[in-house]
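Protein chains in written order, with my numbering: chain C, 1 to 551; chain F, 1 to 321; chain W, 1 to 137.
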Amino acid sequence: MGEKEQFEEMLNNWRSQVEKDPLEEKKHRTISGKEVKAIYSPPDVENLDYCKDLAFPGQYPYTRGVQPDMYRGRLWTMRQFSGFGDAYDSNRRYRYLLDQGQTGLSVAFDMPTIMGYDSDHERSLGEVGRCGVAIDSLEDMEILFDGIPLDQVTTSMTINGPAAILWCMYLANAENQGISLRALGGTIQNDILKEYIAQKSWIFPPEPSMRLITDIFAFAADYVPRWNTISISGYHIREAGSTAVQELAFTLADGFAYVEAGIKAGLDVDTFAPRLSFFFNSHMDFFEEICKYRAARRIWARRMKERYGAKDERSMKLRFHTQTAGCSLTAQEPENNIVRTALEALSAVLGGTQSLHTNSMDEVLALPTEKAVKIALRTQQVLAHESGVANTIDPLAGSYFVEELTGKMEEEAENYFQRIDQLGGVMAAIENGFFQQEIADAAYHYQQAVDRGDRIIVGVNCFTESESMQIELLKIDPIVENKQVSRLKALKSRRDNEAVARSLEQLRRTAAGSDNLIPKILNAVKVYASEGEIVAALKDVFGEYKEKPLF
Amino acid sequence: MHQLVKDLLAGNKRAAARLISLIENEDSQKRDLLRQIYPHTGKAFVVGITGAPGAGKSSLVDRLLQQIRADGLTAGIIAVDPTSPFSGGAILGDRIRMQDHTLDGGIFIRSMGTRGSLGGLSRATREAIQVLDAFGKDMIIVETVGVGQSEVDIVKTADSTVVVLTPAGGDSVQTIKAGIMEIADIFVINKADLPGAERTETEISMMLDMGGEKAWRPPVVSTVSVNGDGVPLLWKSMQEHRDYLTGSERLIEVRQQRVRRELTEQVEYLVKSKIWEDVRDTIELDSLVEKISQRKEDPYSAAGDLLKKINFYGKQQKEGG
Amino acid sequence: MQAEARRLRVLVAKPGLDGHDRGARIIARALRDAGMEVVYTGLHQTPEQVAETALQEDVNLVGLSILSGAHMTLVPKIRELLTNIGMPDVPLFVGGIIPEEDSEKMIGEGWADQVFTPGDKLDKIVDSIKKRIENDL
């Protein structure tokens, strides 16, 4: 009997032993709804070509990883997203985390800062320092990084609408610390497209927003070459309720849109593409997430080379940060979240992430306590040093299941790219409400599945206890708001207000023209113009964005 | 006079809101309320804005409101969204695009579902217009989705009808539903920054010109509602149409037609209600339906018999002997 | 005739700067599927806008979705404004990231009538809303 015949015989043998209950079949789906077979075997990866589809790590199309040595050379960066209260509070927390072994910083800003309002604005009432740290001016930035050597620690800032402003504050502060901008490393999220799609913290309309982004690309290419100018995000798209494939497709589509915008603005793709980075979610379906990351790398590499003509390898390498899924955590039995986060972290690592944030168990209820965030950090450390998964690169390659699913997800993503193209591109699709509708539908179906009990969540719709578990939560003292407002007032009376007014006028004029805005924003920031004042000046010229009424 | 109506006429917003609810929910006092409100209507200029979903009507209205207020006029907006035929519920989200105007005392915005009316405009919507009219709004804008019969409904209700289209892209203007060309007093091509805008404009203009000489040749206005381009021109066209109507006595004609329709409808409504009330009290409808289904009776004779049974032809019968 | 014509009207509002509307949109859909008319305000509403919308739309119940932690400022403010414009008794339900302690205070002070948190089932929320409105009518 030949090999093929033997295989067929064994397969049929196995099939006859496995009961086929059609109802059972329905239950075996990924979180995103993809059917999963009971077994995968060689036929499922018949068309897989190692050299073309996988290659070695650091080799096109980088499916197995973007660096040749990956974690053997350097572990992923343990970068816990953090920020609350005022700059003093957060500075303390950052120093604590660095002491505990965190290797990079990640700043969470409060809602007023994210939306471009100063702490003393009436819309900021009740919101100052609650979801993140309140930053109104360069002074706050100085306090935030006091005692932290910015030439040794890289910082990621989760800021979008006013990203250019916070970035300039960071740059000005680094210069004050005596650090050359050419040596400065870090990331700003700066991904406005996903704001329109999912996170909804927008300020200006799309066109001026894209202009600000390409201005950042250009300025960084010339003056801050180590800086990641954008973190093209799928995290929020997933949190808003999308499936894994939607997260993959919409994020990469946004990426392509930014590449096209940069090219349209006259930049050579290889001057800015190497500094584009990505940010993905890591949800509970273990294998689906790993396949998602691998598919992402392959898709990006191929497109950058074949469609956008990238020559520099670095333009084709998709580097990404991962955060474990906030939306997978439960308020009931929060300690179970430690387990969830651990599994999600594991899939991110097996997927080859460059940096990782692990959620704390209490994040469904409040910002994390010190104890909770320490456990989250320890989770990464146990993973890195005790589990052995970092000993070899892309260990799941070659798995029939993983390669099949990676290929499938790539295919489905390509389908989405076609649909988006047909709609006229990402901006047109956003206008149309295409992404928002897909996400809303996926979110609704997921919720229904959970409510019906089809999708089991331990402690919520299964294995529940009537007693609610009490854990200690972080409370933000309302006095923080008062302190912040007083300090801002004091700053405004101390500074050279004429210089501020002049810088804002300059800013408006440049905004109305086409020169790069970054130098003007830097000037304003250096004379201690507040974030709210700068945003207001830009709003005068750019206007504000309004959402579409779509369901 | 009912206190709510008094308050309405005095400009009380809560009264306006409450009255619309009572009327929409078919409250028992509805007819009395409408009777008391009616004498105070007829002042507002009513504009209907219709078009396919996604044409950008809400953001257009949002921009128009800026123009309207700049001219010192007050406005009431009724934003109509389709009621789900399955659940009877609705998500009324048009307001999102107009929320900037919520705190403007001169503007009142009310969202309404179609609530099962076959066309786009329920009777309740038309009655809500009366409330806002009596409330003192200079202009009333009714924004509806152009599906099914609603375009036609809008014409019956509004003094001016604006139809909003978007650049046809690949398709051509032929796909525009029959009837739209006849009802529009003003055509708007929104999202005019998209490819195909000029061609769409040309095609519509050609179709209008083919229709022959008419007293009012509907202008075709291009707008980009997201940034306001073209909106002042749209406002100007709306005012020109209003001037045309008032100047040519066309407005009186249009409104009299409306009144005639309202009267006819009310009479028919009363007649229908009364008949069915009586029928329910006296006849076994179900067994009649059974018989007709089995072809033991036919619906035509049965209907006549039914009416005889409730003495519909009462007087005549007596006289007929 | 009246029973068929009446609909329950609910306002779903997103006050404050918080941009998370996944929950609010899901609730809006669920309420619609349960036969109610849902007026959705969109994001980034000021307390004044929420109250004024409730007034103009004459809703039977106001639902707030707040995930930014600013509820202890926003909820009492909205309750105050609703009272001032003549709707002191309109039920106010709040959903979001709300610690139990705050939830108890909001209800105790009469600012909110019911508070929901992540994990509360959709149909339970919809039922509560329905029951509360029908009780009031």
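Note that CB positions come from ideal geometry on N, CA and C, so glycine has one too.
Item: In the structure shown, what three-state DSSP assignment does Pro-15 (chain W) receive?; Value: strand
Item: Give, in chain order, every residue of the region 50 to 67 of chain W whose Cβ lies closer than 8 angstroms to some Cβ of chain C.; Value: none
Item: Relative to the C-alpha of Tyr-528 (chain C), which candidate in C:Asp-136, C:Thr-63, C:Leu-125 has its C-alpha closest?; Value: C:Asp-136
Item: Per DSSP, which one or two residues make a beta bridge with Cys-168 (chain C)?; Value: Note: Cys-168 (chain C) sits in no beta bridge, so no partner.
Item: Please report whether the beta-carbon of Tyr-545 (chain C) lies at a distance below 8 angstroms from any beta-carbon of chain W.; Value: no
Item: Just to make sure I have the definition right: I need the residues of chain C whose C-beta is within less than 8 angstroms of the C-beta of Pro-118 (chain W). Which are they?; Value: Thr-330, Ala-331, Val-364
Item: Give the range of the alpha helix (DSSP H) segment to which Asp-209 (chain F) is assigned.; Value: 197 to 210
Item: Out of curiosity, what's the CA-to-CA distance linking Ile-197 (chain C) and Ile-77 (chain F)?; Value: 28 angstroms
Item: Does DSSP put Trp-276 (chain F) in a helix, in a strand, or in coil?; Value: helix
Item: At which residues does the alpha helix (DSSP H) containing Ile-129 (chain F) begin and terminate?; Value: 123 to 135
Item: In whole angstroms, what is the alpha-carbon distance linking Ser-493 (chain C) and Ala-183 (chain C)?; Value: 34 angstroms
Item: Along the region 94 to 114 of chain F, what residues have a CB closer than 7 angstroms to any CB found in chain C?; Value: Asp-94, Ile-96, Arg-97
Item: Can you tell me which of the three DSSP states Met-111 (chain C) falls into?; Value: helix
Item: Are any of the Cβ atoms in chain C nearer than 8 angstroms to that of Leu-31 (chain W)?; Value: no
Item: Between the Cα of Ala-52 (chain F) and those of F:Ser-111, F:Glu-203, F:Ile-141, F:Ile-180, spot the shortest distance and give me the residue it belongs to.; Value: F:Ile-180
Item: Quick one: measure Cβ to Cβ for Glu-571 (chain C) and Gly-161 (chain C), integer angstroms, because I've assumed they're closer than 8 angstroms.; Value: The requested residue 571 (chain C) does not occur in the structure, where chain C is confined to residues 1 to 551.
Item: Beta strand (DSSP E) containing Ile-141 (chain F): first to last residue?; Value: 139 to 145
Item: Using the C-alpha atoms, what's the distance from Thr-102 (chain F) back to Asp-62 (chain F)?; Value: 11 angstroms
Item: With H, G and I counted as helix, E and B as strand and the rest as coil, what does DSSP make of Gln-448 (chain C)?; Value: helix
Item: Would you report the Cα separation of Arg-307 (chain C) and Leu-356 (chain C), rounded to the nearest angstrom?; Value: 30 angstroms
Item: Mind pulling the chain C residues with CB within less than 8 angstroms of Gly-54 (chain F)?; Value: Asn-432, Gly-433
Item: If you check the beta carbons only, do Leu-11 (chain W) and Val-62 (chain W) fall under 8 angstroms apart?; Value: yes
Item: Report the CB separation of Val-39 (chain W) from Ser-111 (chain F) in whole angstroms; it is logged as a contact under 8 angstroms.; Value: 5 angstroms
Item: Please list, in chain order, all residues of the same chain as Ala-384 (chain C) whose beta carbon is under 7 angstroms from its beta carbon, the five residues on each side excluded.; Value: Leu-75, Ala-390
Item: Kindly indicate if chain F contains any beta-carbon less than 8 angstroms away from that of Glu-80 (chain W).; Value: no
Item: Among the candidates F:Val-80, F:Arg-97, F:Leu-9, F:Gly-48, whose CA atom is the shortest distance from the CA of Gln-66 (chain F)?; Value: F:Arg-97
Item: Tell me whether Leu-517 (chain C) sits in a helix, a strand or coil according to DSSP, three-state version.; Value: coil
Item: Can you give, in chain order, each stretch of the beta strand (DSSP E) that sits fully within the region 201 to 273 of chain F and has at least 3 residues?; Value: 220 to 222
Item: List, in chain order, every chain W residue whose beta-carbon is nearer than 8 angstroms to that of Pro-112 (chain C).; Value: Leu-17
Item: For a test of the three-state rule: what should DSSP assign to Gln-177 (chain C), helix, strand or coil?; Value: coil
Item: What are the boundary residues of the beta strand (DSSP E) that includes Tyr-60 (chain C)?; Value: Run containing Tyr-60 (chain C): none; DSSP gives neither H nor E here.
Item: Would you verify that the beta carbon of Glu-26 (chain F) is, or is not, closer than 8 angstroms to some beta carbon of chain W?; Value: yes
Item: Given that Lys-121 (chain W) touches chain C, what residues does it touch there, using C-beta distances under 7 angstroms?; Value: Asp-451
Item: Leaving out the 5 sequence neighbours to the left and right, which residues in its chain are closer than 7 angstroms to Asp-394 (chain C) when beta-carbon positions are compared?; Value: Pro-57, Arg-64, Gly-65, Gly-352
Item: Please list the residues of the region 235 to 261 of chain C that have a C-beta atom closer than 7 angstroms to any C-beta atom in chain W, keeping them in chain order.; Value: Ala-240, Gly-241
Item: Leaving out five residues on either side along the sequence, give the residues of the same chain with a beta carbon under 8 angstroms from the beta carbon of Gly-85 (chain C).; Value: Gly-129, Val-133, Ala-134, Ile-476, Asp-477, Val-480
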